[in-house]
Amino acid sequence: MASWSYAKRRKEELKTRIRYHRLKLTPCFEKQLEKRKHHLEEKSAAWSLVCPAVFLIQIC
Numbered sequence: 001m002a003s004w005s006y007a008k009r010r011k012e013e014l015k016t017r018i019r020y021h022r023l024k025l026t027p028c029f030e031k032q033l034e035k036r037k038h039h040l041e042e043k044s045a046a047w048s049l050v051c052p053a054v055f056l057i058q059i060c
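Using the UniProt record's numbering, you'd call the opening residue of the sequence shown number 1 and step up by one each time.
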């Protein structure tokens, strides 16, 4: 199961890399990056609720 999700993530990484080369930071791609960044921020916010100590360390 873990290896499958790793493979999937790897595939997404490669796709993103290829897309990046193809588009060379077009506005559409920048929007995509913003979405991803926002998603990661939401994830880290959720994680900080679970583990406040980690969040405090991240701030410092």
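Just so you know, even glycine gets a beta-carbon here, dropped at the ideal spot from N, CA and C.
A quick note: this is a predicted structure, and the numbers were derived from the prediction, not measured.
Beta carbon of Lys37: closer than 8 Å to some heavy atom of the ligand FMN? Looking for the ligand FMN in the displayed structure turns up nothing, as the structure carries no ligands at all.
May I have the straight-line CA-CA distance separating Glu12 from Ser44, to the nearest angstrom? 20 Å
Quick one: Cα of Ser5 to Cα of Glu42, how far? 20 Å
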